[in-house]
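Peer 1:
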Amino acid sequence: MLEKIKKTTEFLKSKVDLKPEIGIVLGSGLGNLGNEINPVAVIPYKEIPNFPISTVMGHGSNLIFGTLEGKNVVAMQGRFHYYEGYTMQEITFPIRVMKALGVQSLFLSNAAGGMNPDFEVGDIMLIVDHINFMGTNPLIGPNYDELGPRFPDMSEPYSKKFINLAKQCANNLNIPIKEGVYVAVTGPNFETPAEYKFFRIIGGDAVGMSTVPEVIVAAHSGLPVFGVSIITDLGGFEDIQPISHEEVLKAADAAEPKLSAIIKAMLKEL
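Per the numbering used here, the sequence shown starts with residue 3, numbered consecutively.
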(Lines of atoms letter the chains of each structure in order from A and count residues from 1; the text may use other names and numbers.)
(Lines give C-alpha, C1' and ligand atoms only; values in the text may rest on other atoms or scores of the structure.)
Protein backbone atom coordinates (compact mmCIF):
# COMPACT_ATOMS: atom_id res chain seq x y z
CA MET A 1 0.00 0.00 0.00
CA LEU A 2 2.68 2.51 1.02
CA GLU A 3 4.80 1.73 -2.03
CA LYS A 4 1.79 2.09 -4.35
CA ILE A 5 0.86 5.46 -2.84
CA LYS A 6 4.45 6.65 -3.22
CA LYS A 7 4.72 5.48 -6.84
CA THR A 8 1.41 7.06 -7.87
CA THR A 9 2.14 10.31 -6.05
CA GLU A 10 5.58 10.61 -7.64
CA PHE A 11 4.08 9.96 -11.09
CA LEU A 12 1.49 12.72 -10.64
CA LYS A 13 4.04 15.18 -9.27
CA SER A 14 6.20 14.53 -12.32
CA LYS A 15 3.26 15.44 -14.57
CA VAL A 16 1.81 18.40 -12.67
CA ASP A 17 3.49 21.42 -11.10
CA LEU A 18 0.59 22.30 -8.81
CA LYS A 19 0.06 21.45 -5.15
CA PRO A 20 -3.68 20.95 -4.56
CA GLU A 21 -5.30 22.25 -1.38
CA ILE A 22 -8.71 20.69 -1.92
CA GLY A 23 -9.72 17.30 -3.28
CA ILE A 24 -13.08 16.94 -5.00
CA VAL A 25 -14.89 13.72 -5.93
CA LEU A 26 -17.59 14.26 -8.55
CA GLY A 27 -20.27 11.57 -8.50
CA SER A 28 -23.10 10.44 -10.80
CA GLY A 29 -24.22 13.20 -13.14
CA LEU A 30 -22.16 15.76 -11.22
CA GLY A 31 -19.11 15.85 -13.45
CA ASN A 32 -19.95 19.22 -14.99
CA LEU A 33 -18.26 21.05 -12.13
CA GLY A 34 -15.05 19.59 -13.51
CA ASN A 35 -15.61 21.64 -16.67
CA GLU A 36 -15.48 24.84 -14.60
CA ILE A 37 -12.02 24.10 -13.24
CA ASN A 38 -9.26 26.06 -14.94
CA PRO A 39 -7.16 23.02 -15.85
CA VAL A 40 -3.43 22.74 -15.42
CA ALA A 41 -3.48 19.05 -16.31
CA VAL A 42 -6.12 16.44 -17.13
CA ILE A 43 -4.82 12.91 -16.66
CA PRO A 44 -6.93 9.87 -17.67
CA TYR A 45 -7.17 7.24 -14.93
CA LYS A 46 -5.86 4.61 -17.32
CA GLU A 47 -2.52 6.45 -17.45
CA ILE A 48 -2.12 6.69 -13.66
CA PRO A 49 -0.23 3.83 -11.97
CA ASN A 50 -2.40 1.77 -9.56
CA PHE A 51 -5.61 3.68 -10.39
CA PRO A 52 -8.76 1.71 -11.21
CA ILE A 53 -10.96 2.83 -14.11
CA SER A 54 -14.57 3.95 -13.66
CA THR A 55 -16.97 1.65 -15.52
CA VAL A 56 -20.26 3.37 -14.69
CA MET A 57 -22.31 5.48 -17.11
CA GLY A 58 -22.32 9.10 -15.94
CA HIS A 59 -18.83 8.89 -14.51
CA GLY A 60 -15.83 10.26 -16.37
CA SER A 61 -12.38 8.77 -15.90
CA ASN A 62 -10.06 11.73 -15.44
CA LEU A 63 -8.07 13.33 -12.66
CA ILE A 64 -8.19 17.09 -13.12
CA PHE A 65 -5.60 19.44 -11.61
CA GLY A 66 -6.29 23.15 -11.73
CA THR A 67 -7.83 26.14 -10.01
CA LEU A 68 -11.41 26.84 -9.01
CA GLU A 69 -12.42 30.10 -7.35
CA GLY A 70 -8.76 30.84 -6.71
CA LYS A 71 -8.06 27.53 -4.94
CA ASN A 72 -5.72 24.80 -6.16
CA VAL A 73 -7.81 21.66 -6.57
CA VAL A 74 -7.56 18.09 -7.74
CA ALA A 75 -10.86 16.59 -8.88
CA MET A 76 -11.89 13.04 -9.67
CA GLN A 77 -14.21 13.16 -12.65
CA GLY A 78 -15.83 9.85 -11.82
CA ARG A 79 -15.34 7.63 -8.78
CA PHE A 80 -15.01 3.89 -8.20
CA HIS A 81 -17.59 1.68 -6.51
CA TYR A 82 -17.46 -1.53 -4.54
CA TYR A 83 -20.13 -3.05 -6.83
CA GLU A 84 -17.80 -2.70 -9.82
CA GLY A 85 -15.72 -5.50 -8.30
CA TYR A 86 -12.94 -3.36 -6.86
CA THR A 87 -11.76 -3.87 -3.31
CA MET A 88 -12.44 -1.28 -0.63
CA GLN A 89 -8.75 -0.41 -0.69
CA GLU A 90 -8.83 0.15 -4.44
CA ILE A 91 -11.86 2.44 -4.44
CA THR A 92 -10.37 4.58 -1.67
CA PHE A 93 -6.83 4.60 -3.05
CA PRO A 94 -7.28 8.01 -4.72
CA ILE A 95 -8.05 9.57 -1.33
CA ARG A 96 -4.73 8.24 -0.04
CA VAL A 97 -2.99 9.78 -3.04
CA MET A 98 -4.77 13.13 -2.58
CA LYS A 99 -3.55 13.25 1.01
CA ALA A 100 0.00 12.46 -0.12
CA LEU A 101 -0.22 15.26 -2.71
CA GLY A 102 -0.94 17.78 0.06
CA VAL A 103 -4.74 18.01 -0.02
CA GLN A 104 -6.09 19.49 3.22
CA SER A 105 -9.87 19.12 2.71
CA LEU A 106 -12.11 16.71 0.80
CA PHE A 107 -15.39 17.53 -0.98
CA LEU A 108 -17.59 14.56 -1.96
CA SER A 109 -20.81 14.50 -3.96
CA ASN A 110 -23.22 11.75 -4.93
CA ALA A 111 -26.67 10.91 -6.21
CA ALA A 112 -28.92 9.30 -3.61
CA GLY A 113 -32.43 7.94 -3.09
CA GLY A 114 -34.49 9.94 -0.63
CA MET A 115 -36.47 8.28 2.16
CA ASN A 116 -37.35 11.37 4.17
CA PRO A 117 -40.99 12.33 3.45
CA ASP A 118 -39.93 15.99 3.41
CA PHE A 119 -37.61 15.41 0.45
CA GLU A 120 -38.37 15.90 -3.24
CA VAL A 121 -36.48 14.82 -6.35
CA GLY A 122 -33.84 17.43 -7.09
CA ASP A 123 -33.25 18.41 -3.46
CA ILE A 124 -29.70 19.03 -2.28
CA MET A 125 -28.95 17.28 1.03
CA LEU A 126 -25.94 18.18 3.13
CA ILE A 127 -24.67 14.96 4.69
CA VAL A 128 -24.39 15.42 8.46
CA ASP A 129 -23.67 11.78 9.33
CA HIS A 130 -23.77 8.32 7.80
CA ILE A 131 -24.59 4.68 8.46
CA ASN A 132 -22.23 2.15 6.90
CA PHE A 133 -24.47 -0.70 5.71
CA MET A 134 -21.96 -2.05 3.19
CA GLY A 135 -20.90 -4.94 5.43
CA THR A 136 -17.21 -4.10 5.11
CA ASN A 137 -14.70 -1.33 5.75
CA PRO A 138 -11.69 0.01 3.81
CA LEU A 139 -9.54 -0.10 6.97
CA ILE A 140 -9.82 -3.87 7.40
CA GLY A 141 -6.38 -5.45 7.22
CA PRO A 142 -2.95 -4.28 8.36
CA ASN A 143 -2.84 -0.70 9.65
CA TYR A 144 -0.06 1.59 8.48
CA ASP A 145 0.70 4.10 11.21
CA GLU A 146 2.13 6.44 8.56
CA LEU A 147 -1.40 6.75 7.13
CA GLY A 148 -3.45 6.98 10.32
CA PRO A 149 -4.38 5.34 13.63
CA ARG A 150 -5.64 1.76 13.98
CA PHE A 151 -8.93 3.00 15.49
CA PRO A 152 -9.80 6.38 13.97
CA ASP A 153 -12.37 8.61 15.65
CA MET A 154 -15.63 9.10 13.73
CA SER A 155 -17.42 11.55 16.04
CA GLU A 156 -17.42 14.20 13.28
CA PRO A 157 -17.17 12.39 9.94
CA TYR A 158 -18.56 15.45 8.13
CA SER A 159 -17.04 18.79 9.09
CA LYS A 160 -19.46 21.02 11.01
CA LYS A 161 -17.47 23.99 9.77
CA PHE A 162 -18.15 23.01 6.15
CA ILE A 163 -21.82 22.23 6.86
CA ASN A 164 -22.34 25.68 8.39
CA LEU A 165 -20.46 27.32 5.52
CA ALA A 166 -22.59 25.46 2.96
CA LYS A 167 -25.78 26.59 4.70
CA GLN A 168 -24.56 30.18 4.71
CA CYS A 169 -23.60 30.06 1.02
CA ALA A 170 -26.86 28.39 0.00
CA ASN A 171 -28.82 31.03 1.90
CA ASN A 172 -26.90 33.81 0.16
CA LEU A 173 -27.67 32.17 -3.20
CA ASN A 174 -31.35 31.57 -2.29
CA ILE A 175 -30.92 27.86 -2.91
CA PRO A 176 -33.00 25.68 -0.55
CA ILE A 177 -31.12 22.78 1.02
CA LYS A 178 -31.84 19.83 3.28
CA GLU A 179 -29.71 18.05 5.85
CA GLY A 180 -29.66 14.35 6.59
CA VAL A 181 -28.04 11.02 7.30
CA TYR A 182 -26.69 9.02 4.35
CA VAL A 183 -26.95 5.22 4.37
CA ALA A 184 -24.33 3.41 2.28
CA VAL A 185 -25.14 0.05 0.68
CA THR A 186 -23.20 -2.03 -1.84
CA GLY A 187 -25.72 -1.98 -4.71
CA PRO A 188 -25.78 -2.25 -7.64
CA ASN A 189 -29.54 -2.88 -7.46
CA PHE A 190 -31.80 -0.13 -6.21
CA GLU A 191 -33.53 -0.76 -2.90
CA THR A 192 -36.72 -2.74 -2.34
CA PRO A 193 -39.68 -0.93 -0.73
CA ALA A 194 -39.03 -2.80 2.54
CA GLU A 195 -35.35 -1.83 2.49
CA TYR A 196 -36.22 1.84 2.00
CA LYS A 197 -38.58 1.66 4.98
CA PHE A 198 -35.99 -0.14 7.10
CA PHE A 199 -33.27 2.41 6.35
CA ARG A 200 -35.69 5.19 7.28
CA ILE A 201 -36.55 3.47 10.58
CA ILE A 202 -32.88 3.18 11.57
CA GLY A 203 -32.30 6.90 11.01
CA GLY A 204 -31.47 7.33 7.33
CA ASP A 205 -32.67 10.19 5.14
CA ALA A 206 -31.02 9.08 1.88
CA VAL A 207 -29.37 5.94 0.56
CA GLY A 208 -26.60 5.40 -1.97
CA MET A 209 -23.77 3.15 -3.10
CA SER A 210 -20.68 5.27 -2.50
CA THR A 211 -19.04 8.03 -0.42
CA VAL A 212 -18.82 6.30 2.98
CA PRO A 213 -15.63 4.32 2.17
CA GLU A 214 -13.94 7.54 1.06
CA VAL A 215 -15.11 9.34 4.21
CA ILE A 216 -13.75 6.57 6.45
CA VAL A 217 -10.34 6.79 4.75
CA ALA A 218 -10.44 10.59 4.93
CA ALA A 219 -11.10 10.38 8.67
CA HIS A 220 -8.24 7.90 8.99
CA SER A 221 -6.03 10.36 7.10
CA GLY A 222 -7.07 13.39 9.13
CA LEU A 223 -8.89 15.10 6.24
CA PRO A 224 -12.01 17.16 7.05
CA VAL A 225 -14.90 16.25 4.73
CA PHE A 226 -17.80 18.05 3.10
CA GLY A 227 -20.38 15.60 1.76
CA VAL A 228 -23.50 16.35 -0.26
CA SER A 229 -26.18 14.33 -2.03
CA ILE A 230 -28.54 15.19 -4.84
CA ILE A 231 -31.83 13.41 -4.21
CA THR A 232 -32.54 11.74 -7.54
CA ASP A 233 -35.40 9.39 -6.59
CA LEU A 234 -37.70 8.62 -3.67
CA GLY A 235 -38.50 5.34 -1.91
CA GLY A 236 -40.26 3.88 1.08
CA PHE A 237 -43.61 5.51 0.44
CA GLU A 238 -46.97 4.03 -0.49
CA ASP A 239 -46.82 5.18 -4.11
CA ILE A 240 -44.00 2.99 -5.48
CA GLN A 241 -42.28 4.30 -8.61
CA PRO A 242 -39.81 2.18 -10.60
CA ILE A 243 -36.40 3.82 -11.02
CA SER A 244 -33.61 3.51 -13.59
CA HIS A 245 -30.02 4.74 -13.70
CA GLU A 246 -30.92 6.97 -16.65
CA GLU A 247 -33.56 8.72 -14.53
CA VAL A 248 -31.04 9.15 -11.70
CA LEU A 249 -28.58 10.82 -14.09
CA LYS A 250 -31.33 13.06 -15.50
CA ALA A 251 -32.33 14.25 -12.02
CA ALA A 252 -28.70 14.77 -11.01
CA ASP A 253 -27.99 16.79 -14.16
CA ALA A 254 -30.99 19.05 -13.49
CA ALA A 255 -29.84 19.83 -9.92
CA GLU A 256 -26.12 20.00 -10.65
CA PRO A 257 -25.92 23.76 -11.40
CA LYS A 258 -27.29 24.58 -7.93
CA LEU A 259 -24.79 22.28 -6.23
CA SER A 260 -21.93 23.66 -8.31
CA ALA A 261 -22.90 27.20 -7.29
CA ILE A 262 -22.84 26.26 -3.60
CA ILE A 263 -19.47 24.51 -3.85
CA LYS A 264 -17.91 27.41 -5.76
CA ALA A 265 -19.21 29.89 -3.18
CA MET A 266 -17.75 27.73 -0.40
CA LEU A 267 -14.34 27.58 -2.07
CA LYS A 268 -14.35 31.36 -2.46
CA GLU A 269 -14.86 31.71 1.31
CA LEU A 270 -12.22 29.19 2.38
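Each residue gets a CB set at the ideal place from its N, CA and C atoms; glycine is no exception.
This one's a predicted model, so the numbers in the text were calculated from it and none came from an experiment.
Report the rounded CA-to-CA distance for residue 107 versus residue 228, giving the unit in angstroms.
Peer 2: 8 Å
Peer 1: For residue 83, report the span of its alpha helix (DSSP H) as first-last.
Peer 2: Here residue 83 belongs to no alpha helix (DSSP H), and DSSP marks it neither H nor E.
Peer 1: Return the CA-CA distance between residue 246 and residue 204, expressed in angstroms with no decimal places.
Peer 2: Cα-Cα distance, rounded: 25 Å.
Peer 1: Helix, strand or coil: how does DSSP classify residue 35 here?
Peer 2: helix
Peer 1: Could you check if residue 78 is buried or exposed, using at least 16 other CB atoms within 10 Å of its CB as the buried criterion?
Peer 2: buried
Peer 1: Would you grab the beta carbon distance between residue 188 and residue 112 for me? Rounded to a whole angstrom, and I think it's under 8 Å.
Peer 2: Not confirmed; about 14 Å, so no contact.
Peer 1: Is residue 214 near the ligand HEM - that is, is its Cβ less than 6 Å away from at least one heavy atom of it?
Peer 2: No copy of the ligand HEM occurs in the structure displayed, which carries no ligand at all.
Peer 1: Would you say the stretch 120-132 touches the stretch 88-101, given that touching needs at least three Cβ pairs under 8 Å?
Peer 2: Here the stretch 120-132 makes no contact with the stretch 88-101; the two share fewer than three CB pairs at distances below 8 Å.
Peer 1: Taking DSSP as the reference, what is the three-state secondary structure of residue 176?
Peer 2: Three-state DSSP puts residue 176 in coil, outside helix and strand.
Peer 1: Among the residues of its own chain, which have a CB less than 6 Å from the CB of residue 67, if the five just before and after it don't count?
Peer 2: 18, 20, 42, 43, 76
Peer 1: My output table needs one value for residue 23: the three-state DSSP class, helix, strand or coil.
Peer 2: coil
Peer 1: I'd like to know if the stretch 44-55 and the stretch 8-15 are in contact, where contact means that at least 3 CB-CB pairs between them fall below 8 Å.
Peer 2: yes
Peer 1: Could you tell me the alpha carbon to alpha carbon distance between residue 186 and residue 134, rounded to whole angstroms?
Peer 2: 5 Å
Peer 1: Given a cut-off of 7 Å, decide if residue 236 and residue 150 are closer than it, judged by their beta-carbon atoms.
Peer 2: Residue 236 is positioned such that its CB atom lies no closer than 7 Å to that of residue 150.
Peer 1: Do you know offhand how far residue 253's Cα is from residue 206's?
Peer 2: 21 Å
Peer 1: Alpha carbon to alpha carbon, how far is residue 233 from residue 39? Give it in angstroms, no decimals.
Peer 2: 24 Å
Peer 1: Helix, strand or coil, according to DSSP, for residue 230 in the structure here?
Peer 2: strand
Peer 1: Given this structure, state the Cα-to-Cα distance separating residue 99 from residue 37, to the nearest angstrom.
Peer 2: Taking the CA atoms as reference points, residue 99 sits about 22 Å from residue 37.
Peer 1: Using only the alpha-carbon positions, how far apart do residue 164 and residue 64 sit?
Peer 2: Distance between the alpha carbons of residue 164 and residue 64 is about 26 Å.
Peer 1: Would you kindly check if the distance between the Cβ of residue 124 and the Cβ of residue 257 is under 7 Å?
Peer 2: yes
Peer 1: Suppose contacts are defined by Cβ-Cβ distances below 7 Å. Is residue 114 in contact with residue 33 by that definition?
Peer 2: no
Peer 1: Quick check on DSSP: helix, strand or coil for residue 63?
Peer 2: coil
Peer 1: On the CB-based measure, 16 or more other CB atoms within 10 Å of its CB, does residue 152 come out buried or exposed?
Peer 2: exposed
Peer 1: Using a Cβ-Cβ cut-off of 7 Å (strictly less than) and excluding sequence neighbours within five positions of residue 181, which residues of its own chain qualify?
Peer 2: 127, 128, 130
Peer 1: Expressed to the nearest angstrom, what Euclidean distance is found between the alpha-carbon atoms of residue 155 and residue 224?
Peer 2: The straight-line gap from Cα to Cα measures roughly 10 Å.
Peer 1: Give me the Cα-Cα distance between residue 6 and residue 122, rounded to the nearest whole angstrom.
Peer 2: 42 Å
Peer 1: Three-state secondary structure (DSSP) at residue 244?
Peer 2: In this structure, residue 244 counts as coil in the three-state DSSP scheme.
Peer 1: Tell whether a beta-carbon distance below 7 Å holds between residue 24 and residue 73.
Peer 2: yes
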